[in-house]
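Chemist: Residue numbers (my numbering): 14 to 277. We treat Cβ as the ideally placed atom computed from N, Cα and C, and that holds for glycine.
Next comes the structure, spelled out in structure tokens:
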């Protein structure tokens, strides 16, 4: 049997990208000689508080409160090489071909880390028709994709709202500035503070929320590919098809760089 399984790994690209991005912005501010000018508590409250509030309006409370878990899924991501998964499926198909579907019973315990594959093969071993196995696994996969998409939607919505809240804060600052035109010395500082909310909103949207939404969608696509390999394998084993045909089916859904040649 091919070794390995789905592993939770620390995504250095996500964390490293955020750290480097913010470090460059902070460095530019410090080298400009006036870092204190970029700190304004009311602007922070308007952008961060307003973004959180309006995003919460767009989703159910439970979905919004679960956004912390969504963030953690981008940092600690469960992944597996689909080529390794394909080899594992083909080995299982050979075992089933030689010893019958029931011979897979002894291998189910070793597959518990691969919950989706374990569920599909358990149905096959229990004698569930292949068409029903496919329907159940496809429905499960679509539900998982829907949950992932909802998480990405929360991040994307926050990315849309943050610049708008920055603009609202800027308008508030401009109104306050125009109310003090009799004091020319206050116009410059007031304008700087007014623009800070736009700055905060742009930073949050383009350096945090939108990249995280993109990463969630990428991770979801990776998991969908992996689960598609598992589904095709489980259904083929349930139909007792030739493993060579299964290899062709799996390679048809894998990207060229991940295709396998198990029987060559």
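#1: Could you give the C-beta distance for residue 169 and residue 223, rounded to a whole number, given that I count them as a contact under 8 Å?
#2: Is the separation between the beta-carbon of residue 233 and that of residue 266 shorter than 8 Å?
#3: Tell me which same chain residues have a C-beta within less than 7 Å of the C-beta of residue 175, skipping the five on either side of it?
#4: Quick one: using the 10 Å Cβ neighbour count with 16 as the cut-off for buried, is residue 142 buried or exposed?
#5: State buried or exposed for residue 75, treating a residue as buried only when at least 16 other CB atoms are found within 10 Å of its CB.
#6: When you compare the CB positions of residue 83 and residue 239, do they come within less than 8 Å of one another, or not?
#7: Considering only their Cβ atoms, is the gap separating residue 117 from residue 138 smaller than 8 Å?
#8: Alpha helix (DSSP H) containing residue 35: first to last residue?
#9: What residue range is occupied by the uninterrupted beta strand (DSSP E) comprising residue 92?
#10: Between residue 122 and residue 134, what straight-line distance do the alpha-carbon atoms span, to the nearest angstrom?
#11: Using only alpha-carbon positions, find the residue among 166, 211, 196 and 167 that is nearest to residue 180.
#12: How long is the line joining the alpha carbons of residue 115 and residue 102, rounded to whole angstroms?
#13: Three or more beta-carbon pairs under 8 Å between the segment 149 to 156 and the segment 241 to 254, yes or no?
#14: Nearest-angstrom Cα distance between residue 53 and residue 187?
Modeler: Quick look at the numbers:
#1: 7 Å
#2: no
#3: 60, 64, 214, 217, 218 and 222
#4: exposed
#5: exposed
#6: no
#7: yes
#8: 25 to 44
#9: 89 to 92
#10: 11 Å
#11: 211
#12: 15 Å
#13: yes
#14: 15 Å
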